[in-house]
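Novice:
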Amino acid sequence: MADDTSLLIKRYASRRLYNTETSDYVTLEDIAGFIRNGREVRIIDLKSGDDLTRQYLLQIIAEHESKGENVLPINVLTDLVRSYQTSATSVVPQFLAMSFEMLRDGQSKVMENMGKMNPMVSMPGFEAMKTQQEAFMKALTGGIGGMGAMGTWPPRPNDKAEPTTSGEDLNEIKNQLADLQAKLAKMNK
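Per numbering that gives the first Met the number 0, residue 0 is the first one in the sequence shown, and the count goes up by one each step.
(1) Can you list, in chain order, the residues of its chain with a C-beta nearer than 6 Å to that of L27? Leave out the 5 residues immediately preceding and following it.
(2) Which two residues bound the contiguous beta strand (DSSP E) that contains N18?
(3) My guess is that L45 and Y11 are in contact by the Cβ rule of under 8 Å, so how many angstroms apart are they, rounded?
(4) Can you tell me whether DSSP reads K66 as helix, strand or coil?
(5) Between V91 and the rest of its own chain, which residues show a CB-CB distance below 6 Å, the 5 nearest in sequence each way excluded?
(6) Please list the terminal residues of the continuous alpha helix (DSSP H) segment that includes D29.
(7) Do R53 and I8 have their CB atoms nearer than 8 Å?
(8) Can you give the Cα-Cα distance for Q93 and G37, rounded to whole angstroms?
(9) Considering R189, what are the terminal residues of the beta strand (DSSP E) in which it resides?
(10) If you draw a straight line from the alpha carbon of L76 to that of D168, how long is it in whole angstroms?
(11) What three-state label does DSSP hand A181 in the structure shown?
(12) Thinking C-alpha only, which one of L51, S5 and E39 is nearest L249?
(13) Report the partner residues of Y24 according to the DSSP bridge assignment.
(14) Alpha carbon to alpha carbon, how far is L71 from E64? Give it in angstroms, no decimals.
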């Protein structure tokens, strides 16, 4: 967190926070805004040189939580408090960091695909997977007599099963299954 691109905030003895980039005083809400905009922030005590970043970040979170902007569920907060009294304290920070990183990565991937009509379509091998899935479902439902009259699976006893594939479709499915089995056999060798 303390790299060269971090925004350095100095805390004076009067507890005022000084932005060293813009040479002006800032509030906790200003610091929260910097962070929301993607900046890394480092807050140090001017006199002692102590890093106060964690303390101020916790204070920002506490203020947002007290205003009703509840992000952290009570059970998570309770578990965090408990973790300070157990040997789990060595695991908790790593777990939380990894969880938030996964969340952030997942969120950015969703946002990248948001503009596309169907994000799944852009996945490599999607069409082949879709074709194989359709063939499998045809084989599954056609080979056992199809879906029930109301579209349920398995068919209810009073439902009349209707064949869903023709003989030609069945032969095509058999050929696709044979191809898949051959490919799997090659992969296992």
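Cβ coordinates follow ideal geometry from the N, Cα and C atoms, glycine included.
As the structure is a computational prediction, the values presented were derived from the model and not from experiment.
Specialist: In short:
(1) Non-local beta-carbon contacts of L27 in its own chain, meaning distances under 6 Å to residues more than five positions away in sequence, involve I59 in chain order.
(2) For N18, the enclosing beta strand (DSSP E) covers residues L16 to N18.
(3) Contact between L45 and Y11 holds, with the beta-carbon distance rounding to 5 Å and staying under 8 Å.
(4) DSSP, read as helix, strand or coil, puts K66 in coil.
(5) The beta carbon of V91 sits closer than 6 Å to the beta carbons of S82 from its chain, once the five residues preceding and following it are set aside; these are given in chain order.
(6) Its alpha helix (DSSP H) spans residues L27 to R35.
(7) For R53 and I8, no; Cβs fall outside 8 Å.
(8) Computed Cα separation, rounded: 21 Å.
(9) A query on residue 189 cannot be resolved here, the shown segment of the chain reaching from 0 to 188 and no further.
(10) Computed Cα separation, rounded: 57 Å.
(11) A181: helix per DSSP, three-state reduction.
(12) Past the boundaries of the shown model lies residue 249; the chain is included only from 0 to 188, so the question cannot be answered.
(13) DSSP lists Y17 as partners of Y24.
(14) Distance from the CA atom of E64 to the CA atom of L71, rounded to whole angstroms, is 8 Å.
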